[in-house]
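At position 91 of the sequence shown the residue is numbered 103 (our numbering), and the sequence of numbers has no breaks.
Read the structure below first, then the notes.
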Amino acid sequence: MSKLSTLDDYYQMLKKVKTYMEQTEGRKPYYPFFTYMPDIWDLQPWFSSVGLRRGVFIDANGKKFAPYVDPKAKVVWEWLAKLYREGLMDPTSFTGKTGDMRSKMWQSQDIVMDVDWAAWTGLYNNNARTAGTYPAKVNVVGLPGTKGPSGKYMLEQGGASLWAIPSNAKNPDEAFKIIEYMATKEGGLLLSAGIEGHDYNLKNGKIEYTEVGKAHAKDHGAPFPISKLFDLSVLGEMNPGVLESVAIGKRADVEVAPMGYANGELDARKYYDIMSKWMTECVMGKITAEAAMKGAENELRINKLID
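Given below as structure tokens:
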């Protein structure tokens, strides 16, 4: 698995999995890959192969541009279309939710690859461990995606949650205190380990998880707090595979950055809808990649999302 670095590497791997599952396990049809197309989320590991990122950026001349409709993106859209055409991409990628994807990944093993938060590596494995299938039948590992022209793997940074207090809130001071609490050590413990006495107990300063806590897999909104000041060791043993996945983002040959928001001016929802509409037509083989990219580019420009 560690040798996978090109689009063709992943294509060949998915073909082998499909052949094995259908011919040896008798699971027909078997679609090994799921990608969430409604928000073109998350395709970044594949567009890394041509050095492009999702979203809208501003060039040196102040012009807004969308890399996913750049001519260099064509080979990636054609690769995705090939996966769908050859039965390697789950058809529910176009209609399902991320919850469907995650369920398929660990519960029924209807797929073997998706793109998700690093934390989900551990959550998948912990769920499988609870079900008694880890690691013999289920052992999810993190991968860096495809290597770009610069020799780097370009991954996308997840979007942080945004807390807001409505202007007409009846008690904004108390609401702000709650937001502040979530940033404390105690708040971090609540979002990860859960509730003391229910999900875990403290013994000699160390956390011991109850059966309920083990089933919850340290996920009550944040499997591990993102604050650099939070001591992860207090959570005890991390979910299997998660530390290895997180370590990928710290490698010297990996670049992690957020999608482009045009310096905060992008109407992200409109961008998602336009790109998803046109590129779904491409991936499903209804129109060519070139035609889909041109259609998306024109509509992005009409809506003033790009120049």
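By construction, the Cβ of each residue, glycine as well, lies at the ideal position given by its N, Cα and C atoms.
Residue i classed as buried or exposed, judged by whether at least 16 other C-beta atoms fall within 10 angstroms
{"i": "Arg-281", "result": "exposed"}
{"i": "Arg-66", "result": "buried"}
{"i": "Gly-217", "result": "exposed"}
{"i": "Lys-40", "result": "exposed"}
{"i": "Ala-148", "result": "exposed"}
{"i": "Ser-105", "result": "buried"}
{"i": "Asp-319", "result": "exposed"}
{"i": "Glu-168", "result": "buried"}
{"i": "Pro-44", "result": "buried"}
{"i": "His-210", "result": "exposed"}
{"i": "Ser-257", "result": "buried"}
{"i": "Gly-248", "result": "exposed"}
{"i": "Gly-200", "result": "buried"}
{"i": "Lys-116", "result": "buried"}
{"i": "Ile-123", "result": "buried"}
{"i": "Leu-174", "result": "exposed"}
{"i": "Asp-71", "result": "exposed"}
{"i": "Ala-229", "result": "buried"}
{"i": "Asp-265", "result": "exposed"}
{"i": "Asp-243", "result": "exposed"}
{"i": "Ile-52", "result": "buried"}
{"i": "Asp-185", "result": "exposed"}
{"i": "Pro-270", "result": "exposed"}
{"i": "Ile-286", "result": "buried"}
{"i": "Lys-30", "result": "buried"}
Extent of the continuous beta strand (DSSP E) run through residue i
{"i": "Asn-251", "result": "Unbroken run through Asn-251: none, as it is neither H nor E."}
{"i": "Phe-242", "result": "Note, Phe-242: premise wrong, no beta strand (DSSP E); not H, not E."}
{"i": "Val-266", "result": "266 to 269"}
{"i": "Phe-325", "result": "This structure cannot speak to residue 325, because the chain is shown only from 13 to 319."}
Rounded distance between the beta-carbons of residue j and residue i, thought under 8 Å
{"i": "Trp-320", "j": "Ala-140", "result": "No answer is possible for residue 320: it lies beyond the span of the chain, which begins at 13 and ends at 319."}
{"i": "Gly-261", "j": "Val-268", "result": "5 Å"}
{"i": "Gly-272", "j": "Phe-46", "result": "That pair is no contact at about 25 Å."}
{"i": "Ser-245", "j": "Pro-50", "result": "Actually they are not in contact, since the Cβ atoms of Ser-245 and Pro-50 sit about 38 Å apart, beyond 8 Å."}
{"i": "Asp-54", "j": "Val-127", "result": "4 Å"}
{"i": "Asn-137", "j": "Gly-253", "result": "5 Å"}
{"i": "Met-250", "j": "Gly-134", "result": "6 Å"}
{"i": "Ala-131", "j": "Pro-235", "result": "4 Å"}
{"i": "Tyr-42", "j": "Glu-34", "result": "5 Å"}
{"i": "Glu-220", "j": "Asn-213", "result": "5 Å"}
{"i": "Leu-241", "j": "Asp-279", "result": "Actually they are not in contact, since the Cβ atoms of Leu-241 and Asp-279 sit about 34 Å apart, beyond 8 Å."}
{"i": "Ala-93", "j": "Ala-303", "result": "Their Cβ separation, rounded to whole angstroms, is 12 Å, which puts Ala-93 and Ala-303 out of contact at 8 Å."}
{"i": "Leu-19", "j": "Trp-91", "result": "5 Å"}
Opposing strand residues paired with residue i [DSSP bridges]
{"i": "Asn-213", "result": "Glu-220"}
{"i": "Trp-53", "result": "Tyr-48"}
{"i": "Met-125", "result": "Phe-45"}
{"i": "Lys-159", "result": "Tyr-165"}
{"i": "Lys-76", "result": "Ile-70"}
{"i": "Glu-208", "result": "Tyr-212"}
{"i": "Tyr-273", "result": "Val-68"}
Enclosing alpha helix (DSSP H) for residue i [first to last residue]
{"i": "Tyr-165", "result": "Where Tyr-165 is concerned, there is no enclosing alpha helix (DSSP H), although the beta strand (DSSP E) it sits in stretches over 165 to 168."}
{"i": "Phe-59", "result": "56 to 59"}
{"i": "Lys-27", "result": "19 to 35"}
{"i": "Ser-105", "result": "No alpha helix (DSSP H) contains Ser-105, which DSSP labels as neither H nor E."}
{"i": "Pro-184", "result": "184 to 194"}
{"i": "Ile-314", "result": "301 to 314"}
{"i": "Thr-142", "result": "131 to 143"}
{"i": "Leu-92", "result": "86 to 97"}
{"i": "Asp-175", "result": "This sequence places Trp at residue 175; Asp is not what is there. Neither: Trp-175 is in no alpha helix (DSSP H) and is coded neither H nor E."}
{"i": "Ala-280", "result": "280 to 295"}
{"i": "Lys-197", "result": "197 to 204"}
{"i": "Ser-115", "result": "110 to 118"}
Any C-beta of chain D under 8 Å from that of residue i
{"i": "Lys-289", "result": "You won't find chain D in this structure, because it holds only one protein chain."}
| said: So, does the stretch 108 to 127 touch the stretch 302 to 312, judging by three or more C-beta pairs under 8 Å? | reply: no
| said: Check whether the stretch 73 to 82 and the stretch 178 to 185 touch, using three or more Cβ-Cβ pairs below 8 Å as the test. | reply: no
| said: Within 8 Å, do at least three Cβ pairs link the stretch 152 to 171 to the stretch 56 to 70? | reply: yes
| said: With a threshold of 8 Å, are at least 3 pairs of Cβ atoms found where one atom belongs to the stretch 23 to 33 and the other to the stretch 98 to 107? | reply: yes
| Does the stretch 198 to 211 come close enough to the stretch 164 to 175 that 3 or more CB-CB pairs lie under 8 Å? | no
| query | Any contact of the stretch 283 to 296 with the stretch 181 to 197, i.e. 3+ C-beta pairs under 8 Å? | reply | Remark: fewer than three beta-carbon pairs, one from each stretch, lie closer than 8 Å, so the stretch 283 to 296 and the stretch 181 to 197 are not flagged as touching.
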